[in-house]
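*Asks:* With this note's numbering, the residue at position 79 of the sequence shown is 253, and numbering never jumps. Where a beta carbon is used, it is the ideal one built from N, C-alpha and C, also for glycine. From a predicted model like this one, the values you see are computed outputs, not experimental measurements. One structure, pasted below without further comment.
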Amino acid sequence: MKMADVQPYLQKIVDQFSKPQVQTSLKGFTRVILFRFTDTREDWLIHTVDGKGASLEKSTVSNPDLVVTTTTEVLTGVMDRRINAMAAYMGRRIQVKGPMEDLMRLQKLLF
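Rendered as structure tokens:
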């Protein structure tokens, strides 16, 4: 099975933070979100600042605010609408550690 290049997909998430409606709904949202991909063993970070912007880097931290663990295939499938996000979450193909409130706020960006 071919592993997908997730960087363009993660960049799409980061780009969402430049939209005015996203900035309004995420006002005050400053977080470090770690995406951990089990198939490629890669870690990617998205840093958000006050909901006004975000940055992406291929790195890791010891204490992120939110950890999303999945495979490149599942993330790209969800973002391309080939895989149902809720079904992937309920089937534990996407696992999230962190405050449920943060997950709910980010759900619109990710899926």
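(1) Pick helix, strand or coil for Arg115, following the three-state DSSP scheme.
(2) Consult DSSP for Ser229 and reduce its assignment to one of helix, strand or coil.
(3) Suppose you measure from the CA of Thr198 to the CA of Lys186; what does that come to, to the nearest Å?
(4) Helix, strand or coil: which one does DSSP assign to Lys271?
(5) Can you tell which of Gly272, Lys226, Leu249 has its C-alpha closest to the C-alpha of Pro194?
(6) Could you say which of Phe203, Gln181, Glu231 lies nearest to Glu275 if we only look at CA atoms?
*Replies:* According to the structure data:
(1) Outside the shown range of the chain (175 to 285) lies residue 115, about which nothing can therefore be said.
(2) strand
(3) 18 Å
(4) strand
(5) Lys226
(6) Phe203
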